[in-house]
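Residue numbers (our numbering), protein chains in the order written: chain A, 30 to 369; chain B, 2 to 755. Note that the Cβ used here is the ideal one computed from N, Cα and C, for glycine as well. Quick notes on the structure that follows.
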């Protein structure tokens, strides 16, 4: 087991180094992020030269690469300055946003699993029943509706319609990370002056719509995986044997079938790890949540080299770890598979 | 049936009772008070309330003068006071027999007036604007405050020195957001204190006494992007300007915050400073022979930072040192490279000694709180780049940052230590909305009052919003911006170096049709770089109206021919083909290029190829292009032509070539490689001319050359579309967005009406 892990780790490091070199080269092809400032006629050449020097951009390519690599692995200089947010480091930017993204994505993952696994099993056990058809339609509907559309529709239904057509208050907030003012009884209080419980509740309240929208979109794949894997398992010989032994249907489903049907999902779970951090760009944009997804988009579009590089590295490390984790989990849940 | 008839008769009789009244209300529509007249609403209101009346010939004579007794009558009526007739008159020149006796005495009794000395009132004299302010301050109960020696004199006008000493306090109060009794001249930012008040001005002021602006409430303003810092000098771009422009206390161009303010018309006025250096009063001394200058600024006594600490000239001295430090990542510039040294002879005087002439010497100076930043700077100058001041700035403006919820909103609150009359709103909340649809949803749902008046919402999105019924509750603003779309041509290209071809390309392009097709008719064609309406903009630019026949004829005369395939061949025998580059994924520019390509193909037989690129600047810099479509702006229209068309960078250092080459590390900004001796000469002259009005014709001449030589093919001015909720009062966006000030420049005057 140890040899296997060491081998995998060495492979992973090589992969990560290659990824870093490739992406650093590619991002460098986009040009000098500081020179870009010259497109603004008010920015002076001397200013750009000064910024390049401060941020070591006057060095040759390979020197820049190693300087950056060193800072990344040793957590130096906060992974390099952000060129869009000149006074913050990439690490700071990522650290600020990881909380909200993790909260959102883990809530969505948890909810999707809680809904899709029982539904998947149910529809597998009642294949071609009307419930199965309904669930299937629901899954495909959720999968095929783009998030930016469902997002806007939900905002309209829950936040706009009640205000303009019913003359009342919004049922759910139309996004944002939290409200600016909170209503506490008769008083209206600024968010940061309210008791912490209210603050947490308000943050959760603002997450309701994005979580619903993302969960709707996420349920589909999980449900389909669970359904097909269950269908495959209940047709196996050992299930027939169990039935022949006269075991209760409950025992057959949960003790024999479910444990085997869950294996493919565990692999997928490991692979979904980077997605947890990666955030949901569109949902974050529609609901005005300042998470990792938006940071990734903004830093790539704004040619923010250090931040883009840091994000790419974090993602690739997570992909590698996710893969290793999936492999390990696979061995744990499936005794037939051995490390090699 | 009988009941119905009775009812109808009763109603019509009732209505007829009101008819004469209704008619008299309509009669307020005077011949000489047009619907667009600035004080029309105020005049109508006073006429309706029978405080003023028009003349029998149906005019109001709004520009006519008002005597002191006339004005006293107006104010006594407006305040609902009764005439008072004591046995002994207070003033010798207002005897009991005079028609205004009862009104004047009522005003004396209420404490509004004290006379002009010597027991006289001067009833028949015309009332001066500054006296109007003194009188009205007494009326609104601010008379004591106006004479308080602790009051910070700040009228934010360019003729503050002309105000009589007894009226300074009153005028200070009269221009404040909560009173707004006096208005500035838009074109000069003067208050004209010694001019006689007109009938319209008196009506306006009286109205403001009766209906003072509403106070309180929260206004929600959308931002496309969050600022990256609130440290002005470390970014100076984009959303931060909107946030700080008004709230932090007057951002002026990219140069400075606080010392001076700038109106949307581009007029600079003193803000924390009490003067704008001028050659007329000796605060700007120019030694042309030596090429040196001295400017002197005075700071208002009593002006404080939002934490209550007084602003002194030491702040200015320290700020200059800090922003010039090579370790500080400053991007804003106050002409540091021209400055020899600065000094503070006393806490309220700041002197700048210039080693070179700088026409922008009176545009402001760096101003940051030394009491906060100096200890950090002294530890290590590079700490300034990341210090907490970036997120919790201290400024001198009417609102202070209360909370910055990162990625979410920036909440500003009325500055409790503001030294010049508090802003009208309780809170100003800037909310971040990266998605247009979400922004419009929030607008509809009431969570937003103002969309950003800057580039972002395109005309198509705005059109659909207008169709969606947004205009019932919102005013839609469609204004030209300072951004212009253009194709920078590479003049070292063997084909494009010919001026005739460049001009023919303009004539062969139907820009009106392009605007109609791609921008729904909402843009304006541009023929130069200086924003429309700016004095420095040339008056008679060639509009290059669509004329394919002329384009063809020009080319023929210049020796161009067409080959068997109908393709254009230039005099040296090369088939003319043009590659236009634009950022990959920019659909709008792709559409424009395809439109342009079609016109040039049909009209001139030129094959146009679209090349998607990533990183516009890399290509502009290294010259690997024939034409690149991009947009830029000149935030300071005065030096519009300074950076992009001169061969030597006159703005900074003449030894530094401005045409990008490998030798200068592609750092130049003359992307078109435009090399024109006449233009360079004008630019030099422009930069060494300190007198603003003398620069105007030079600027116009430079634009004429651009228009004739076409280093860039000018296409369109961008359009800014914004929505403002109708109950938001006091906004003033000017006629071109982003010209010299941000749209929030006067946010202390914004209010929410009920």
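The three-state secondary structure of residue 423 (chain B), taken from DSSP, is coil.
When Cβ pairs closer than 8 Å are counted between the two stretches, the stretch 300–314 of chain A is seen to touch the stretch 236–243 of chain A, the count reaching three or more.
Taking 7 Å as the Cβ-Cβ cut-off, the stretch 189–208 of chain A approaches chain B at 189, 192, 193, 199, 203, 204, 205, 206 and 207, given in chain order. Not one beta carbon of chain A lies nearer than 8 Å to the beta carbon of residue 190 (chain B).
Going by DSSP, residue 513 (chain B) is part of the alpha helix (DSSP H) stretching over 512–520. For the stretch 392–411 of chain B, residues whose beta-carbon sits nearer than 8 Å to a beta-carbon of chain A comprise 403, 404, 406, 407, 408, 409 and 410. Three or more pairs of CB atoms, one per stretch, sit closer than 8 Å, so the stretch 39–59 of chain A contacts the stretch 338–358 of chain A. Close to chain A, meaning a Cβ-Cβ distance shorter than 8 Å, is no residue of the stretch 702–732 of chain B at all. About 6 Å separates the Cβ atoms of residue 294 (chain A) and residue 255 (chain A), confirming a contact at the 8 Å cut-off.
Any Cβ of chain A closer than 8 Å to the Cβ of residue 535 (chain B) would place that residue at the interface, and such an atom is absent. Closest in C-alpha terms to residue 222 (chain A), from the list B:490, B:126 and B:412, comes B:412. Residue state for residue 209 (chain A) is assigned as coil, using DSSP reduced to three classes. Per DSSP, residue 344 (chain B) is one residue of the beta strand (DSSP E) stretching across 340–347. Around the beta carbon of residue 322 (chain A), 16 or more other beta carbons sit within 10 angstroms, so the residue counts as buried.
Along the stretch 594–625 of chain B, the positions whose C-beta sits under 8 Å from a C-beta of chain A are 615, 616, 617, 618, 619, 621 and 622, read in chain order. In chain A, no part has a C-beta under 9 Å from the C-beta of residue 346 (chain B); the shortest such distance is about 30 Å.
Per the C-alpha coordinates, the member of B:426, B:441 and B:427 positioned closest to residue 433 (chain B) is B:441. Here the alpha carbon of residue 131 (chain B) sits roughly 15 Å from the alpha carbon of residue 204 (chain B). When the alpha-carbon of residue 350 (chain A) is set against those of A:324, A:317, A:305 and A:335, the nearest one is in A:305. A residue is called buried once 16 or more other Cβ atoms fall within 10 Å of its Cβ, and residue 319 (chain A) is buried on that count. Of all alpha-carbon atoms in B:235, B:409 and B:68, the one lying nearest the alpha-carbon of residue 225 (chain B) is that of B:409. DSSP places residue 354 (chain B) inside the beta strand (DSSP E), whose first and last residues are 350–355. Beta-bridge analysis with DSSP links residue 414 (chain B) to B:401 and B:428. For residue 327 (chain B), the closest alpha carbon among the candidates B:383, B:373 and B:298 is that of B:383. Under the 8 Å criterion on CB atoms, residue 232 (chain A) is classed as non-interfacial with respect to chain B. Rounded to the nearest angstrom, the Cβ distance from residue 238 (chain A) to residue 184 (chain A) is 7 Å, consistent with a contact under 8 Å. Secondary structure of residue 66 (chain B) (DSSP, three-state): strand. Contact between residue 107 (chain B) and residue 83 (chain B) holds: their C-beta atoms lie close to 7 Å from each other, under 8 Å. When DSSP states are grouped into helix, strand and coil, residue 435 (chain B) belongs to the coil group. If you check the CB distance, residue 235 (chain A) and residue 198 (chain A) do not come in under 8 Å.
Residue 61 (chain B) has a beta carbon lying at 8 Å or more from every beta carbon in chain A.
Under a criterion of Cβ atoms nearer than 7 Å, the residues of chain B adjacent to residue 323 (chain A) are, in order, 435. Against residue 309 (chain A), chain B offers no close residue; the least beta-carbon distance is about 13 Å (beta-carbon pairs closer than 9 Å). For residue 78 (chain A), the chain B residues whose C-beta falls within less than 9 Å of its own C-beta are 666 and 668, listed in chain order. Taking a contact as a CB-CB distance under 8 Å, the pair residue 463 (chain B) and residue 722 (chain B) counts as one, their CB atoms being some 4 Å apart. From the beta-carbon of residue 327 (chain B), the residues of chain A found nearer than 7 Å are 79.
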